[in-house]
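One structure below.
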Amino acid sequence: MHVPRQPAAHVMHVPRQPAAHVMQLVYFAWVREAVGVDSEQITPPATITTVAALLDWLASQSPGHAAALADRSRIHVAVDQQFAKPETPITGAKEIAIFPPVTGG
Amino acid sequence: MSDVAIRAKLQAEPFDAAAEQAALIGTRTDLGAIVSFTGLVRADDGLIALTLEHYPAMTLPQMQAIADQAATRWPGVHGTIIHRHGRLRPGAAIVLVLTASPHRADAFAAAEFLMDWLKTKAPFWKREERADGNARWVEAKAVDELAATRWTEIGTP
Numbered sequence: 001m002h003v004p005r006q007p008a009a010h011v012m013h014v015p016r017q018p019a020a021h022v023m024q025l026v027y028f029a030w031v032r033e034a035v036g037v038d039s040e041q042i043t044p045p046a047t048i049t050t051v052a053a054l055l056d057w058l059a060s061q062s063p064g065h066a067a068a069l070a071d072r073s074r075i076h077v078a079v080d081q082q083f084a085k086p087e088t089p090i091t092g093a094k095e096i097a098i099f100p101p102v103t104g105g
Numbered sequence: 106m107s108d109v110a111i112r113a114k115l116q117a118e119p120f121d122a123a124a125e126q127a128a129l130i131g132t133r134t135d136l137g138a139i140v141s142f143t144g145l146v147r148a149d150d151g152l153i154a155l156t157l158e159h160y161p162a163m164t165l166p167q168m169q170a171i172a173d174q175a176a177t178r179w180p181g182v183h184g185t186i187i188h189r190h191g192r193l194r195p196g197a198a199i200v201l202v203l204t205a206s207p208h209r210a211d212a213f214a215a216a217e218f219l220m221d222w223l224k225t226k227a228p229f230w231k232r233e234e235r236a237d238g239n240a241r242w243v244e245a246k247a248v249d250e251l252a253a254t255r256w257t258e259i260g261t262p
C-alpha cells in the first residue's frame, strides 16, 4: 500500500554535514492524508537527534507537514518499527513512522 | 507445529472461528476452558463500511509480541489471535481472540488482555464510510487506553 512517490521538492535537503543521513518516513491514516504522500525520503540536519526534534523540523518543511503535526498529543511515532517517545533517539534509524493513536481491535 | 503458545495472524480474508478453535484444541486433552471473542463491524449511524489501514512492516511482529506477552503472563494459556485489514462491511468479523487453558480464569483474563492490547498497541487505524458519502477516521477512545493501562499497573512479568 506504500507506493513510494516523489516527495515535495522543498522537503529535500542537501546534506552539508557529514553525519546527516537519509531516512525513510512513512505516514498512516489522517497524518498520511494531511502530508499528502504515503512515504518520503528525508535527510534531516545532523543536529536533529530525537523524535521530538524531528517532528519540529518536519513541521517547518511544508504547510501540509505543519498541519499534520499541529497537535502533538495526537501524533505517535515508531522508530524502526518500535513505538517511540519524544525523547527516543533517531540517530541511525532507517524508517520512522508517524501516525495518529491506533484504533484497531 | 512450533512451540509458540499464542499465535498471531494478520489477513484480509475472513476467518472461520470454529475451524480455528478446532485447530487450537487439536488432540489435546489437558484443556478445560476455551474463551472465544469475535469483534464485528457494527453499523453505527449509517455506517456502510469500515476500512482498517495498518503498518505492514510492523503489524504482525507487534501482534506476535502482544501474544507472547500474554503467554508470558499466563503460562498455561494457548491461543490464536487473528486481525483482519482492508475494507469490511457491517456484520463482518474484524478480530478473533481464542484462548485455551486448563481452567477458565486464565483463559478469560488472557483474552481480555489480548483485546485490550490489540486495541491500543497494534498499528491499525479504522476509517468509517457512511451512506451520506462522509468518511472519517475513528478517534482513539480514552476508555480503551484506560482498559489497556490496568494490565501494566498489575506489574506481572
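Each protein sequence line maps, in turn, to chains X and F. Under our numbering, the first residue of the first sequence is numbered 1, with each subsequent residue one higher. Under our numbering, the first residue of the second sequence is numbered 106, with each subsequent residue one higher. Cβ coordinates follow ideal geometry from the N, Cα and C atoms, glycine included.
Using a Cβ-Cβ cut-off of 8 angstroms (strictly less than) and excluding sequence neighbours within five positions of residue i, which residues of its own chain qualify?
{"i": "Asp71/X", "result": "none"}
{"i": "Pro119/F", "result": "Arg189, Ala197, Ala198"}
{"i": "Thr50/X", "result": "Pro86, Glu87, Thr88, Pro89, Ile90"}
{"i": "Val182/F", "result": "Ala110, Ile111, Ala175, Ala176, Thr204, Ala205, Ser206, Asp211, Ala212, Ala215"}
{"i": "Met23/X", "result": "Gln41, Ile42, Thr43, Pro44, Ile90, Ala93, Lys94, Glu95, Ile96"}
Assign residue i to one of two classes, buried (16 or more other C-beta atoms within 10 Å of its C-beta) or exposed (fewer than that).
{"i": "Gln167/F", "result": "buried"}
{"i": "Lys246/F", "result": "exposed"}
{"i": "Arg32/X", "result": "buried"}
{"i": "Leu251/F", "result": "exposed"}
{"i": "Arg209/F", "result": "exposed"}
{"i": "Thr132/F", "result": "exposed"}
{"i": "Asp211/F", "result": "buried"}
{"i": "Glu244/F", "result": "exposed"}
{"i": "Pro228/F", "result": "buried"}
{"i": "Lys224/F", "result": "buried"}
{"i": "Ala84/X", "result": "buried"}
{"i": "Gly104/X", "result": "buried"}
{"i": "Ala124/F", "result": "exposed"}
{"i": "Gly184/F", "result": "buried"}
Using 8 angstroms for Cβ pairs, my map puts residue i next to residue j. What's the rounded Cβ distance?
{"i": "Ala215/F", "j": "Ala175/F", "result": "5 angstroms"}
{"i": "Pro207/F", "j": "Asp150/F", "result": "Between Asp150/F and Pro207/F the Cβ distance is about 43 angstroms, and since that is not below 8 angstroms, they are no contact."}
{"i": "Leu54/X", "j": "Pro63/X", "result": "So it is not a contact: roughly 18 angstroms between Cβ atoms."}
{"i": "Ala34/X", "j": "Phe99/X", "result": "So it is not a contact: roughly 11 angstroms between Cβ atoms."}
{"i": "Val77/X", "j": "Trp230/F", "result": "Going by Cβ atoms, the distance from Val77/X to Trp230/F rounds to 14 angstroms, so no, they are not a contact pair."}
{"i": "Ile186/F", "j": "Ile130/F", "result": "With 8 angstroms as the limit, Ile186/F and Ile130/F do not qualify as a contact, their Cβ atoms being about 16 angstroms apart."}
Suppose the cutoff is 6 angstroms on Cβ atoms and the five residues either side in sequence are ignored; what does the same chain contact list for residue i look like?
{"i": "Ala162/F", "result": "none"}
{"i": "Val202/F", "result": "Phe142, Ile186, Ala216, Leu219, Met220"}
{"i": "Asp249/F", "result": "Lys224, Thr225"}
Does any residue of chain X bring its CB to less than 7 angstroms from the CB of residue i?
{"i": "Pro195/F", "result": "no"}
{"i": "Lys114/F", "result": "no"}
{"i": "Ala123/F", "result": "no"}
{"i": "Pro119/F", "result": "no"}
{"i": "Met168/F", "result": "no"}
{"i": "Leu155/F", "result": "no"}
Cβ of residue i less than 7 angstroms from any chain F Cβ?
{"i": "Val102/X", "result": "yes"}
{"i": "Gln61/X", "result": "no"}
{"i": "Pro105/X", "result": "For the record, residue 105/X in the displayed sequence is Gly; it is not Pro. Judged by the 7 angstroms Cβ criterion, Gly105/X is in contact with chain F."}
{"i": "Ala34/X", "result": "no"}
{"i": "Trp57/X", "result": "no"}
{"i": "Ala67/X", "result": "no"}
{"i": "Gln81/X", "result": "yes"}
{"i": "Ala97/X", "result": "yes"}
{"i": "Ala84/X", "result": "no"}
{"i": "Ala29/X", "result": "yes"}
{"i": "Arg16/X", "result": "The pLDDT assigned to Arg16/X is 49, lower than 50, so where the model puts this residue is not dependable, and the model offers no usable value."}
Return the chain-ordered list of same chain residues with a C-beta closer than 7 angstroms to the C-beta of residue i, the five sequence neighbours on each side being excluded.
{"i": "Ala52/X", "result": "Pro86, Glu87"}
{"i": "Phe213/F", "result": "Val140"}
{"i": "Val109/F", "result": "none"}
{"i": "Arg192/F", "result": "Ala154, Thr156"}
{"i": "Gln126/F", "result": "Ile139, Ser141, Leu203"}
Considering just the uninterrupted stretch of the alpha helix (DSSP H) at residue i, what are its terminal residues?
{"i": "Val35/X", "result": "29-35"}
{"i": "Phe308/F", "result": "Nothing about residue 308/F can be read from this structure; chain F reaches only from 106 to 262."}
{"i": "Leu115/F", "result": "It is not in any alpha helix (DSSP H) - Leu115/F instead sits in the beta strand (DSSP E) that spans 111-116."}
How far does the beta strand (DSSP E) with residue i in it reach, from first residue to last?
{"i": "Gln41/X", "result": "39-42"}
{"i": "Lys94/X", "result": "First-last for Lys94/X: undefined, no H or E at that position."}
{"i": "Gln167/F", "result": "Not the beta strand (DSSP E): Gln167/F falls in the alpha helix (DSSP H), residues 164-178."}
{"i": "Glu234/F", "result": "229-235"}
{"i": "Lys191/F", "result": "First, the amino acid is wrong: residue 191/F is Gly here, not Lys. Per DSSP, Gly191/F belongs to the beta strand (DSSP E) from 191-193."}
{"i": "Gln82/X", "result": "82-84"}
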